[in-house]
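Visitor: Mind looking over this structure? Questions follow.
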Amino acid sequence: MTAALRVLVPGLMTTLQDLGRPGYQRLGVPVSGALDQMSFRAANLLVGNGAGVGALEIAYQGPTLSVEADSVRIAIAGGHAPIDILQPSGEVGRTRLAPFQSGRLVRGEVLRMGALGGSAVAYLAVEGGFDIDPVLGSQSTLTRAAIGGFKGRALQRGDVLALKQAAAAERDERILAPFDLAPPKRVRIVLGPQDDHFTPAGLRTLLTSTYTVSRATDRMGMRLEGPPLEHSSKGYDIVSDGIALGSIQVPGNGLPIILLADRQTTGGYAKIATVVSADIPALGRLAPGASIAFEAVGIEVAEAAARRLAGDVAAMAARVASVRRPSDIDWQRLMAENLVSGVVSARESGEG
Amino acid sequence: MIVEFGDRVDWHLSALVLALAHKLEAAKPAGVIEAVPTFRSLMVHYDPLATSHADLQRAIAALLPGLEVASFAGRRWRIPACYDASLGLDLADVARRTGLSPAQVVERHSQTSQLVYMMGFLPGLPYLGGLPGEFALPRRENPRVKVPFGSVAVAMSMSVIYPQESPGGWHILARTPVPLWQMRKSPPALLAAGDQVTFEPLSLREYERMLAKAAASELCLTPNGPPTQGPHT
């Protein structure tokens, strides 16, 4: 019998993502991948997967999935959402799954996730991964070009996601102390490559204003609302050049757009700055309405921050703990007794 | 990291960009993830855990001396395209804007050898440059929500070919039945930066026949071999 998860309710925008599809940008193929790679990695760690195994990226509102496998081990990391496990009878069973811990579900059970809090995205990983062919080396979904993931699109009701593993391995469940999901007070940016297309006042506006994440934000770009940035006489149009993850492009209306996972490979608007890579996962967690301010740093600081984030990722793997009876986890007690080491915060790590 | 050669659309600059891209690919400095050639610069994506901006800058600077325009030559393509008014939705409008007759627009567009400056915007979408000055049109004021796949469109003395249905603001002159992006092929993109393209006008009947062949995966276009000279010579 095949092993699968059936989509009963898809959620708002649930897509299969991994660490992305680098190597094809010269052909116009965006990189894609998880918006918040910290939470994505946490979900995979919890089910015992390798770092880059595809997981479901859940935006704002979680899905409802029924288990069509003998058993499956699942972990959700990222935003906090109420998670119910419904028995085949339809009754709500004792919850055996919370964010940042793994749990085992059996055939006929239904996982129902509510609205996310604390983050715009969460990741649902299954032990062994989904049995979905990679495209150009990646399972990431790029809905704009219908590439990768499940049929190149967000999940819909009735989709059946095949699992690689027929049953969950016999082992203890795992937990991880949730890390700080809050955004940095100031998102770090490196100015350029077209900061000369802005007036000194325009640059000052960027570094001293608070912007609000627009509702028009998607996986391609985070649109910001706030004081417009003044272009210099060089204007907003440039001869198209390459785009980096975190590039901040500013079209004619002066409002910045931070380009994210599904960013276009090249573009013709002036780019005032680039968000340092270490701050990208936190940006991925921001929902419309969130505030954001910027701080300019040098390239060396950006590179040191990237190394520190890689250190945090390694430390996260070391902090995963085993639990025999996951339903008995009492976070208050665990934290109080210091059985789980503390929360990691990129903000407080002294970088920058 | 961006290696900038200028700020114009100019085949000379583009040739330098492509020459560096090839040298970089051969040299494979540590930490380089991939390099993306554009009109005027080479975008080098790197892993800051494997190298640093300073080290990479040194490695790339070492590749710059002796960079030659002639050191890279792309392929030459003749791409069939139907300029019938039912497919070339903006042909009449472009004729009016340029002061040419529709037949003249077709002739000048199809016969000019155009260079693939870069791929971007969508998987497999080429930016072709080298059209005469008449085609220096701004983009449409009202971009289309849906441009049909295969559409050949112009603006700013350049052409693009939409590999799939997409929003778009360029003026559509023709449609090609040739698939520009086929996932099962390696590489999946028909064209690459540095290639040269001319268009071969088709009748509507020929277009439909070729489109049916393409749908059955029986349409195979091969390049005519490397160009001997730059596109303007």
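Protein sequence lines, in the order shown, are assigned to chains A and B.
Residues are numbered in the numbering used here as their position in the first sequence, beginning at 1, plus a constant of 38.
Residues are numbered in the numbering used here as their position in the second sequence, beginning at 1, plus a constant of 5.
Even glycine gets a Cβ: it sits at the ideal position worked out from N, Cα and C.
1. Strictly under 8 Å for the Cβ-Cβ distance: is N163 (chain B) near chain A by that measure?
2. For L57 (chain A), does the count of other Cβ atoms within 10 angstroms reach 16, so buried, or fall short, so exposed?
3. On the DSSP bridge assignment, give the partners of Y244 (chain B) in chain order.
4. With a threshold of 8 Å on Cβ separation, who are the neighbours of Y62 (chain A) within its own chain once the five nearest residues in sequence on each side are excluded?
5. Can you check whether the C-beta of H176 (chain B) is within less than 8 Å of a C-beta belonging to chain A?
6. Applying the criterion that 16 or more other CB atoms from any shown protein chain within 10 Å of the CB defines a buried residue, is K189 (chain A) buried or exposed?
7. Using a C-beta cutoff of 8 Å, does A89 (chain A) count as contacting chain B?
8. Taking the C-alpha atoms as reference points, what is the distance between E268 (chain A) and T243 (chain A)?
9. Taking Cβ positions only, does A55 (chain B) come closer than 8 Å to chain A?
10. Any beta carbon from chain B within less than 8 Å of V277 (chain A)'s own beta carbon?
11. Output yes or no for whether 8 Å exceeds the beta carbon distance between S285 (chain A) and L219 (chain A).
12. Would you decide whether A356 (chain A) is buried or exposed? Buried here means 16 or more other CB atoms lie within 10 Å of its CB.
13. Apart from the five residues on each side of it in sequence, which residues of its chain come closer than 6 Å, Cβ to Cβ, to Q55 (chain A)?
14. Using the beta-carbon of each residue, which ones in chain A are nearer than 7 Å to T43 (chain B)?
15. In terms of residues, what are the limits of the alpha helix (DSSP H) holding S315 (chain A)?
16. Using a Cβ cut-off of 8 Å, pull out every chain B residue sitting near Q287 (chain A), in sequence order please.
17. Using a Cβ-Cβ cutoff of 8 Å, what residues of the region 77-90 of chain B are near chain A? List them in chain order.
18. Which whole-angstrom value is the C-beta distance of L178 (chain B) and V121 (chain B), which I expect to be below 8 Å?
19. Using a cut-off of 8 Å between C-beta atoms, extract the partners of S315 (chain A) located in chain B.
20. For Q9 (chain A), would you say it is in contact with chain B, using Cβ-to-Cβ distances shorter than 8 Å as the test?
21. Using 8 Å for Cβ pairs, my map puts G322 (chain A) next to V159 (chain A). What's the rounded Cβ distance?
22. Considering only the alpha carbon of each residue, which of A:A342, A:H118, A:V225 lies closest to I318 (chain A)?
23. State the Cα-Cα distance for the pair I185 (chain A) and A221 (chain B), rounded to the nearest angstrom.
24. What did DSSP end up calling F400 (chain A) once you bin it into helix, strand or coil?
25. By the 9 Å beta-carbon criterion, what residues does the region 207-229 of chain A contribute toward chain B?
26. So, under 8 Å CB-CB, L127 (chain B) and A183 (chain A) are touching, yes? Tell me the CB distance rounded to an integer number of Å.
27. In chain B, which residues lie with their C-beta within 9 Å of the C-beta of A344 (chain A)?
28. How long is the line joining the alpha carbons of N291 (chain A) and P266 (chain A), rounded to whole angstroms?
29. Ends of the beta strand (DSSP E) at V99 (chain B)?
30. Measuring alpha carbon to alpha carbon, tell me which residue in B:Q169, B:R210, B:G125, B:T181 is nearest F44 (chain B).
31. Please tell me whether A299 (chain A) has its Cβ less than 8 Å away from any Cβ of chain B.
32. So with CB distances below 8 Å, who are the chain A contacts of L130 (chain B)?
33. To the nearest angstrom, report how far apart T312 (chain A) and A93 (chain A) are at their CA atoms.
34. Along the region 101-129 of chain B, where does the CB come closer than 7 Å to a CB of chain E? Name the residues.
35. Quick check on this structure: which residue in B:T203, B:N229, B:A217 has the alpha carbon closest to the alpha carbon of A86 (chain B)?
36. Can you list, in chain order, the residues of its chain whose CB lies under 6 Å from that of M76 (chain A), leaving out five sequence neighbours each side?
Guide: Answer, in terms of the structure:
1. Contrary to the premise, residue 163 (chain B) reads as Met rather than Asn in this sequence. Among the CB atoms of chain A, none fall inside 8 Å of the CB of M163 (chain B).
2. Taking a 10 Å sphere around the C-beta of L57 (chain A), we find 16 or more other C-beta atoms and assign the residue as buried.
3. This structure cannot speak to residue 244 (chain B), because chain B is shown only from 6 to 238.
4. The answer, listed in chain order, is L174.
5. Closer than 8 Å: no.
6. Exposed, since its Cβ has fewer than 16 Cβ neighbours within 10 Å.
7. No, A89 (chain A) lies away from the interface with chain B (no Cβ there is under 8 Å from its Cβ).
8. Pairing E268 (chain A) with T243 (chain A), the inter-Cα distance amounts to about 8 Å.
9. Interface criterion not met: the Cβ of A55 (chain B) is under 8 Å from no Cβ in chain A.
10. Yes, V277 (chain A) lies at the interface with chain B (some Cβ there is under 8 Å from its Cβ).
11. In this structure, S285 (chain A) sits away from L219 (chain A), with a CB-CB distance that is not shorter than 8 Å.
12. The residue is exposed, with fewer than 16 neighbouring Cβ atoms inside 10 Å.
13. Taken in chain order, the residues that qualify are G71, A72, E95, S178.
14. S278, D279, G280, T304, listed in chain order.
15. Careful: S315 (chain A) lies outside any alpha helix (DSSP H) and carries neither H nor E.
16. The contacting residues do not exist; Q287 (chain A) stays about 14 Å from chain B at best.
17. Of all residues in the region 77-90 of chain B, none is placed with a Cβ closer than 8 Å to any Cβ belonging to chain A.
18. The beta-carbon distance between L178 (chain B) and V121 (chain B), rounded to whole angstroms, is 17 Å. This is too long to meet the 8 Å contact definition.
19. Contacts between S315 (chain A) and chain B, judged by CB atoms closer than 8 Å, involve P53 in chain order.
20. Since the displayed chain A opens at 39 and closes at 390, residue 9 (chain A) lies outside it and no answer follows.
21. Contact flag correct, Cβ pair sits at about 6 Å.
22. When only C-alpha atoms are compared, the closest one is A:V225.
23. Rounded to the nearest angstrom, the gap between the Cα atoms of I185 (chain A) and A221 (chain B) is 21 Å.
24. Residue 400 (chain A) cannot be examined here, being either before or after the span of chain A that is shown, 39 to 390.
25. If the cut-off is 9 Å between Cβ atoms, the region 207-229 of chain A has nothing near chain B.
26. Between A183 (chain A) and L127 (chain B) the Cβ distance is about 6 Å, and since that is below 8 Å, they are a contact.
27. D52, P53, L54, listed in chain order.
28. Looking at the two C-alpha atoms, the distance is approximately 7 Å.
29. Taken as a continuous stretch (DSSP letters only), V99 (chain B) belongs to no beta strand (DSSP E), being part of the alpha helix (DSSP H) at 96-103.
30. When each option's Cα is compared against that of F44 (chain B), the closest is B:G125.
31. Not closer than 8 Å to any Cβ of chain B, the Cβ of A299 (chain A) fails to qualify, so no.
32. Within 8 Å Cβ-Cβ: G66.
33. Straight-line Cα distance between these residues: approximately 27 Å.
34. Any reference to chain E falls outside this structure, whose protein chains are A and B.
35. Between A86 (chain B) and the set B:T203, B:N229, B:A217, the nearest pair of CA atoms involves B:T203.
36. Around M76 (chain A): P319.
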